[in-house]
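Heads up, the thing below is written out as structure tokens.
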Amino acid sequence: MSGTWITTRAWLLMLPLLIVMVAVIGWPLADTVHLSFTDAKLVGTSGSYVGFDNYVRLLSGNAFGRTLFTTTFFAVVVVTTEMLLGVLAALLLNQQFHGRTLLRALLILPWALPTVVNATLWRLIYNPEYGALNAALTQLGILSDYRSWLGEPGTALTALIVADCWKNFPLVALIALAALQAVPRDVVAASFVDGANAFSRFRFVTLPYLAGPLLVALVLRTIEAFKVFDIIWVMTRGGPANSTRTMSILVYQEAFSFQRAGSGASLALIVTLIITVLAVAYGTIVKKVAGSAA
Amino acid sequence: MERQSPLFRLFLHVAALLLAAIILAPLLWLFVMSISPAADLAAKPLKWWPETMDFSRYATLLSTVENSAGAAFMASLRNSLMVASMATVAAVSLAVPAGWAVSRTPSVGWSLSLVIATYMLPPVALAVPLYMALANFGLLNSVFGLALVYLTILAPFTTWLMKSGFDGIPREIEQAAVIDGASLWQTLRIITLPLALPVVATSALFAFLLGWDEFFYALLFTSDQRAKTLTVAIADLAGGRVSDYGLIATAGVLAALPPMLVGIVMQRALISGLTSGGVKG
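In the order they appear, the protein sequences are chains A and B. The first sequence runs 74 to 367 under this note's numbering. The second sequence runs 190 to 470 under this note's numbering.
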């Protein structure tokens, strides 16, 4: 068979996927770019060309800076915590003890719990009048009065972060555990013979095997944390006083609550650009690590 | 290997118990809320276990009496099933040929990279044009329209999984069949697809779970019982003026059961899917 026919055949087999992708992703994205230069409303007027007005107005407004900060803070804290907890849980599960298989099976549960159910569950736990957190802290004598965890700007974001970490650290743990189990036993045995202590065993024997998969998990989780919408919408809708408003919530408000499709599109593209820059930067690091590990 | 000292063994077991408690406590509480009488949930001090277990809310939600809370819940359950199933079937049908093509013909691989890169796009970047297009075609508030939109998430992901699945099937087997006189179509049907079946099943499961979990597009593009999915129905309950928190918890338990059962039963396949995708990148 000739090479050109094989290539043509491959394109033919990919064609259905590519057509659908152009229809549901490519074209809408192009239209978002177009809309971002107009003052279109969601319903009714298709708007007229306004150049970079939307971008200038959004970037100079104070909602943007504050929301970007909130989103970055959420993403950094959530991803760091999930990585640390995930690796610790994986190191634990890589040891021999009774009930290890059962515990590993439990890890899949928070991951499988639908995001909206997780958000609802934690919203009930944080309930200011009947919530389990208030009840537990009061009965333990830690708290004297019930608090509105999601209703106060000082605690709402932290409460969201806890709920998000609880759901997502098990995924990091599962990925890290799979990587740990790929460490060859004879390499570990050799490091014992060579008299390496626990720390240098982790640093020089285990970590090289962990680094690649963990970096990939880090990239995926960072992108997801930057896109976060569901858990925040269900728990706080961005409140109180916009203290938990992330970029996706801001775009939703602009485009759908205020029906400003044009400026909502501009904002969405700014978010996309930030995520792309992040992903490319990470991608470069991943390639470097993969290169040095090989 | 190093012998574990008694102190270290104690530490391991304490840490394991702590981890189990962290994972289980919120889940158990969701279940306890669903079977506690409303008075227990509003009691101070809070009752952590009901004196009499009350399963009546499950009957309430799973009833099909017209205009009841159950009818709305059952409608959203049916919508979620339909949307997730249709989107899964469509995504896997697109992913199998495309995944095989990229796996066997690396020179077209860049197009798959492009498709996978769309993962970086926040759904809000597509939402406005998709909303306008669905409105134009009369597909707002329709399970078909929503399933079509879900392909933006499901199709790239399943293609990626299928591609790494086909990578694991040696092409020498296919070449041997061709040398023995089988046509390409016969080779795929008799040799490759049966070998790829576990990966197809894993991809389909992942796709279904993603569809079952989706909230943002469903929130935007559905408005009543004809298309509202379970996630939107639960968010409505959580954000609404429902006075019985146990009912919200019950809806949560029912929505969580299918993916959790799949998660436990299919654990090995799911983890290998997660890590193979994750490790190979």
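Just so it is clear, CB atoms sit at the ideal spot from N, CA and C, and this is done for glycine as well. These figures come from a predicted structure and were not determined experimentally.
| Quick one, which of B/237, B/430, B/341 has its alpha-carbon nearest residue 225 of chain B's? | Comparing Cα positions, the closest option is B/237.
| task | List the residues of chain B whose Cβ lies closer than 8 Å to the Cβ of residue 196 of chain A, in chain order. | result | Those within 8 Å of residue 196 of chain A in chain B are 427.
| With burial defined as no fewer than 16 other Cβ atoms inside 10 Å of the residue's Cβ, what is the status of residue 215 of chain B: buried or exposed? | By the neighbour-count criterion, in which 16 or more other beta carbons inside 10 Å mark a residue as buried, residue 215 of chain B falls on the buried side.
| In the segment 407 to 441 of chain B, which residues sit with their C-beta less than 9 Å from some C-beta in chain A, listed in chain order? | For the segment 407 to 441 of chain B, the set of residues with a beta-carbon nearer than 9 Å to any beta-carbon of chain A comprises 408, 409, 419, 420, 421, 423, 424, 426, 427, 428, 434, 437, 438, 440, 441, in chain order.
| Does any CB atom of chain B fall closer than 7 Å to the CB of residue 168 of chain A? | Yes - at least one Cβ of chain B is within 7 Å of the one on residue 168 of chain A.
| query | Closer than 7 Å, CB to CB, is residue 452 of chain B near chain A or not? | reply | At least one CB of chain A lies nearer than 7 Å to the CB of residue 452 of chain B.
| request: Please name the residue in B/441, B/316, B/261, B/386 whose C-alpha comes closest to that of residue 99 of chain A. | output: The residue from B/441, B/316, B/261, B/386 with its alpha-carbon nearest to that of residue 99 of chain A is B/316.
| field | Residue environment, residue 349 of chain B, which counts as buried when at least 16 other CB atoms sit within 10 Å | value | With a 10 Å radius around the Cβ and a threshold of 16 neighbouring Cβ atoms, residue 349 of chain B comes out buried.
| request: List the residues of chain B that residue 302 of chain A touches, going by C-beta distances under 7 Å, in chain order. | output: Neighbours of residue 302 of chain A across chain B, judged by C-beta separation under 7 Å: 405.
| message | Using DSSP's beta-bridge definition, name the partner residues of residue 122 of chain A. | response | Beta-bridge analysis with DSSP links residue 122 of chain A to A/111.
| Cross-chain neighbours of residue 402 of chain B in chain A, by beta carbon under 7 Å | The contacting residues are 187, 188.
| said: Among the candidates A/97, A/164, A/121, A/129, whose CA atom is the shortest distance from the CA of residue 282 of chain A? | reply: Minimum Cα distance to residue 282 of chain A is reached at A/164.
| What does residue 62 of chain A reach in chain B if we use C-beta pairs closer than 8 Å? | Residue numbering for chain A in the displayed model covers 74 to 367; residue 62 of chain A lies beyond these limits and cannot be assessed.
| said: Within the continuous alpha helix (DSSP H) that includes residue 267 of chain B, where are the two ends? | reply: Its alpha helix (DSSP H) spans residues 258 to 293.
| query | Any C-beta of chain A sitting closer than 7 Å to the C-beta of residue 467 of chain B? | reply | Residue confidence for residue 467 of chain B is low, a pLDDT of 48 falling below 50, so the modelled location carries little weight; the figure read from the coordinates is stated next. At least one chain A Cβ lies under 7 Å of residue 467 of chain B.
| task | Measure the C-alpha to C-alpha separation of residue 401 of chain B and residue 195 of chain B and round it to an integer number of angstroms. | result | Those two C-alpha atoms are separated by around 46 Å.
| CB contact flag (residue 186 of chain B, residue 411 of chain B, <7 Å) | Outside the shown range of chain B, which is 190 to 470, sits residue 186 of chain B, and nothing can be said about it.
| message | Under 9 Å, CB to CB, which of the residues in the segment 97 to 118 of chain A have a partner in chain B? | response | Answer set for the segment 97 to 118 of chain A: 97, 98, 99, 100, 101, 102, 103, 104, 105, 107, 108, 113, 115, 116.
| request: Give every residue of the same chain whose Cβ lies closer than 7 Å to the Cβ of residue 119 of chain A, excluding the five residues on either side of it in the sequence, and list them in chain order. | output: Only 113 meet the Cβ criterion.
| query | Which of the three DSSP states, helix, strand or coil, is assigned to residue 313 of chain B? | reply | If DSSP states are grouped into helix, strand and coil, residue 313 of chain B belongs with the helices.
| request: Report the rounded CA-to-CA distance for residue 333 of chain A versus residue 110 of chain A, giving the unit in angstroms. | output: Here the alpha carbon of residue 333 of chain A sits roughly 12 Å from the alpha carbon of residue 110 of chain A.
| field | As assigned by DSSP and simplified to three states, the class of residue 195 of chain A | value | In the displayed model, residue 195 of chain A falls within a helix according to three-state DSSP.
| task | Kindly indicate if chain B contains any beta-carbon less than 7 Å away from that of residue 296 of chain A. | result | For residue 296 of chain A, the closest Cβ of chain B is nearer than 7 Å.
| 4-residue-minimum alpha helix (DSSP H) runs that sit fully inside the segment 201 to 263 of chain A, ordered along the chain | Within the segment 201 to 263 of chain A, complete alpha helix (DSSP H) segments of at least 4 residues are found at 205 to 212, 226 to 253, given in chain order.
| query | Can you tell me whether DSSP reads residue 193 of chain B as helix, strand or coil? | reply | Three-state DSSP puts residue 193 of chain B in coil, outside helix and strand.
| said: If we require 4 or more residues per run, which alpha helix (DSSP H) segments fall completely within the segment 281 to 346 of chain A? | reply: The qualifying runs are 303 to 308, 320 to 325.
| CA-CA distance, residue 440 of chain B and residue 221 of chain B? | If you draw a straight line from the Cα of residue 440 of chain B to the Cα of residue 221 of chain B, it is about 13 Å long.
| message | For residue 240 of chain A, which residues in the same chain have their Cβ closer than 6 Å to its Cβ, ignoring the five residues on either side in sequence? | response | The beta carbon of residue 240 of chain A sits closer than 6 Å to the beta carbons of 183, 191 from its chain, once the five residues preceding and following it are set aside; these are given in chain order.
| message | Please list the terminal residues of the continuous alpha helix (DSSP H) segment that includes residue 331 of chain B. | response | Counting along the chain, residue 331 of chain B falls outside any alpha helix (DSSP H), and DSSP gives it neither H nor E.
| 7 Å Cβ shell around residue 308 of chain B - same chain, five flanking residues per side excluded | Once the five neighbours on either side are set aside, the close Cβ partners of residue 308 of chain B are 345.
| Which of helix, strand or coil DSSP assigns to residue 202 of chain B | Helix, per DSSP.
| Does residue 328 of chain A get closer than 7 Å to chain B when you measure Cβ to Cβ? | Residue contact check for residue 328 of chain A against chain B: a CB pair falls below 7 Å.
| request: Could you tell me which chain A residues have their CB closer than 7 Å to the CB of residue 300 of chain B, listed as they occur along the chain? | output: Correct list: 87, 91.
| field | Counted within 10 angstroms of its Cβ, other Cβ atoms place residue 288 of chain B as buried (16 or more) or exposed | value | That one is buried.
| task | Determine contact between the segment 129 to 140 of chain A and the segment 335 to 342 of chain B, defined as no fewer than three beta-carbon pairs at a distance below 8 Å. | result | These segments do not touch.
| Taking 7 Å as the CB-CB cut-off, is residue 202 of chain B touching chain A? | Yes, contact with chain A.
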